[in-house]
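Here is the structure we will look at.
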Amino acid sequence: MHSKSLAILLALPLIITSSLALADDTQLLFNSSRNQLGLIKFCATKGHISNEVVDAYAKMITMLPTPADTAQGDQYESAGEQGYSFDGENRTSMQDIADGTGTSVADHCAQFAALTNQ
């Protein structure tokens, strides 16, 4: 149940694109998606997923609305590349997420790949 909830939570940036109209929501979606891109890059550097998944996700997020200020997104992506889920205030490592759900980092990376390839 935990991994299913996590998968839904991690898929959120992909699911809610058309329902966000306000600037704050656009920024939140952009930042969250960039963090997820960073996490996917982290997974690829660890050998858990292929670079094709990185490329596919990067292509998908180009279809999202882009806020006027993209610098925050750069910070979110950088945190992801270091293996951290980041919400602007709190950083949680992929390892801590895996430990908390009784799975492995590789399992979570596989979920990213599956969601990206849907």
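So the sequence shown is residues 473 to 590, counted in our numbering.
Positions of the beta carbon are idealized from the N, C-alpha and C atoms, including for glycine.
Nearest-angstrom Cα separation, counted from residue j out to residue i
{"i": "residue 487", "j": "residue 587", "result": "Any reading at residue 487 needs caution, since the residue's pLDDT is 48, under 50, leaving its predicted position unreliable; the model's value is listed next. Near 11 Å, if we compare the C-alpha coordinates of residue 587 and residue 487."}
{"i": "residue 582", "j": "residue 560", "result": "25 Å"}
{"i": "residue 515", "j": "residue 537", "result": "25 Å"}
{"i": "residue 519", "j": "residue 572", "result": "22 Å"}
{"i": "residue 564", "j": "residue 575", "result": "15 Å"}
{"i": "residue 491", "j": "residue 523", "result": "Model confidence at residue 491 stands at a pLDDT of 45, short of 50, so the residue's coordinates are unreliable; what they give is reported in the following sentence. Taking the straight line joining both Cα atoms gives about 29 Å."}
{"i": "residue 539", "j": "residue 497", "result": "9 Å"}
{"i": "residue 550", "j": "residue 590", "result": "25 Å"}
{"i": "residue 525", "j": "residue 535", "result": "16 Å"}
{"i": "residue 477", "j": "residue 541", "result": "With a pLDDT of 47 at residue 477, under the threshold of 50, the modelled position of this residue cannot be trusted, and the question is left open."}
{"i": "residue 521", "j": "residue 531", "result": "16 Å"}
Buried versus exposed, by CB contacts within 10 Å (16 or more), residue i
{"i": "residue 510", "result": "buried"}
{"i": "residue 508", "result": "buried"}
{"i": "residue 567", "result": "exposed"}
{"i": "residue 543", "result": "exposed"}
{"i": "residue 513", "result": "buried"}
{"i": "residue 585", "result": "buried"}
{"i": "residue 499", "result": "buried"}
Nearest-angstrom Cβ-Cβ length linking residue i and residue j, presumed shorter than 8 Å
{"i": "residue 506", "j": "residue 548", "result": "5 Å"}
{"i": "residue 552", "j": "residue 502", "result": "With a Cβ gap of about 13 Å, residue 552 and residue 502 do not count as contacting."}
Residue i beta carbon near the ligand FMN (any heavy atom closer than 8 Å)
{"i": "residue 542", "result": "What this structure holds is no ligand at all, so the ligand FMN is not there to describe."}
Runs of alpha helix (DSSP H) wholly within the stretch 500-578 (minimum 4 residues, chain order): 523-533, 543-553 and 566-573
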